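Okay, structure first, notes after.
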Amino acid sequence: MDGMAATWTRDTPWRQGSVLSPDAIQALGLAHPDAPDAICAVVISHDCDLANDDLQIEPDVEIIIGCHPEKADGNYFWAKAPRTLHLEVLRSGDPATVEMIATAKCLVPKQALAAFAPDATYSFSGKSLSALRSWLGVRYNRAAFPDPFVSRLSKSKVDKGLAKLIEPVGNLLSAVYFDVDGGKEVDHSDGSPYGLKIVLAYPPGDDPEQTANEAEKLEASINGLFLKKHFDTATGKWHEIALKDCMSISEDDLPVSKARLLTQWRLEYMTLKADDKQPGAPG
Numbered sequence: 005m006d007g008m009a010a011t012w013t014r015d016t017p018w019r020q021g022s023v024l025s026p027d028a029i030q031a032l033g034l035a036h037p038d039a040p041d042a043i044c045a046v047v048i049s050h051d052c053d054l055a056n057d058d059l060q061i062e063p064d065v066e067i068i069i070g071c072h073p074e075k076a077d078g079n080y081f082w083a084k085a086p087r088t089l090h091l092e093v094l095r096s097g098d099p100a101t102v103e104m105i106a107t108a109k110c111l112v113p114k115q116a117l118a119a120f121a122p123d124a125t126y127s128f129s130g131k132s133l134s135a136l137r138s139w140l141g142v143r144y145n146r147a148a149f150p151d152p153f154v155s156r157l158s159k160s161k162v163d164k165g166l167a168k169l170i171e172p173v174g175n176l177l178s179a180v181y182f183d184v185d186g187g188k189e190v191d192h193s194d195g196s197p198y199g200l201k202i203v204l205a206y207p208p209g210d211d212p213e214q215t216a217n218e219a220e221k222l223e224a225s226i227n228g229l230f231l232k233k234h235f236d237t238a239t240g241k242w243h244e245i246a247l248k249d250c251m252s253i254s255e256d257d258l259p260v261s262k263a264r265l266l267t268q269w270r271l272e273y274m275t276l277k278a279d280d281k282q283p284g285a286p287g
């Protein structure tokens, strides 16, 4: 029974993606600072660590104190932003969104959590769990683009323009890849434009044709944004950043060998600096 003393064993029902019940949240003294009535505490420890019953080696379970946001944001699905993640889940059989912020982590002793069972009203799909795992690794394994390149994106406000275009359909995209200068280090101190190719990757979904159509519309909008901000119609030349190509492609058609050459653009707006406007950024 929840709340009664218990021992942590290898047969624990807790898994990565398990959600704590309201009773467990209350008993463990957990709280969400901004949404106390919409809290959703999720286990993020790896299954192997959870199965380890040697409490001298693995005494704790890592948890993110998330919540159910008032509105889902497409920019935060599919691990596109390293600080904030939105996940689709089922709650009592109905679709719901869980928001997690990377800095909202805490440790709960296994011995304390052993007295409770996961909240069975929640169900994470395989895709949502995959996105969670990807996001957990992204924070410590993400590439930074050249500062001058990011500065040019910021100065023209193309970075925020991209985020605005992606937000309504962001849940359809699994990744936005940037290929800057073909992956080569090119000196642009003379003011020459960076060469940029953008790849919009999307899972086929239940309606591949509709998904492809939406991705192609986004592709056209992004082309229009760069033309407006970085193309001089008078001279017929690009300035600061030259968009060489913007293409959308299904994950099924994106070879692993090609994906390895691309760098994922995540919604940070800055390379190694925190954006204080993004949820979860340190103050």
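Mapping of the sequence shown onto my numbering: position 144 corresponds to residue 148, and the numbering continues sequentially without gaps.
Using N, Cα and C, we set each Cβ at its ideal position, and we do this for glycine too.
In this text, all values refer to a predicted model and were calculated from it rather than measured experimentally.
| query | result |
| --- | --- |
| Tell me whether T107 sits in a helix, a strand or coil according to DSSP, three-state version. | coil |
| Report all residues from its chain with a CB closer than 7 Å to the CB of P152; omit the five preceding and five following residues, and keep chain order. | H192 |
| DSSP state of L266, grouped into three classes? | coil |
| For L94, report the span of its beta strand (DSSP E) as first-last. | 88–95 |
| Please state whether DSSP places N175 in a helix, a strand or coil. | helix |
| I want to know whether the segment 110–118 touches the segment 12–27 - three or more CB-CB distances under 8 Å. | yes |
| Buried or exposed, going by whether 16 or more other CB atoms sit within 10 Å of the CB of I61? | exposed |
| Taking its Cβ as the centre, do 16 or more other Cβ atoms sit within 10 Å of R143, making it buried, or is it exposed? | exposed |
| Do V102 and G3 come within 9 Å of each other at the CB atom, strictly closer than that value? | Missing from the structure shown is residue 3; the chain here goes from 5 to 287 and no further. |
| Within a Cβ cutoff of 7 Å, which residues of the same chain sit near D64, ignoring the five residues on either side of it in sequence? | L111, V112, P113, K114 |
| Could you check which residue in P172, F230, R19, W139 has the C-alpha nearest to that of A55? | R19 |
| Looking only at its own chain, which residues have a Cβ that is under 7 Å from the Cβ of L140, when we skip the five neighbours before and after it? | I48 |
| How close, in whole Å, do the beta carbons of I68 and K131 come, if the pair is a contact with beta carbons under 8 Å? | 19 Å between Cβ atoms; not a contact. |
| Hey, A205 and L222: beta-carbon distance below 9 Å or not? | no |
| Which one of L229, E213, H243, K233 has the shortest CA to CA distance from G199? | H243 |
| Could you check if L24 is buried or exposed, using at least 16 other CB atoms within 10 Å of its CB as the buried criterion? | buried |
| Can you say whether C52 is buried or exposed, counting buried as having 16 or more other CB atoms within 10 angstroms of its CB? | exposed |
| Pick from P73, D123, I105: whose alpha carbon is nearest that of R95? | D123 |
| Is E103 a contact residue of the ligand COA, with contact defined as CB to any heavy atom under 8 Å? | No copy of the ligand COA appears in this structure; indeed no ligand is present at all. |
| Would you kindly work out how many angstroms separate the C-alpha atoms of L89 and S22, rounded to a whole number? | 16 Å |
| Suppose the cutoff is 7 Å on Cβ atoms and the five residues either side in sequence are ignored; what does the same chain contact list for S127 look like? | V93, L94 |
| Specify, as a first and last residue, the run of the beta strand (DSSP E) that G70 falls within. | 64–71 |
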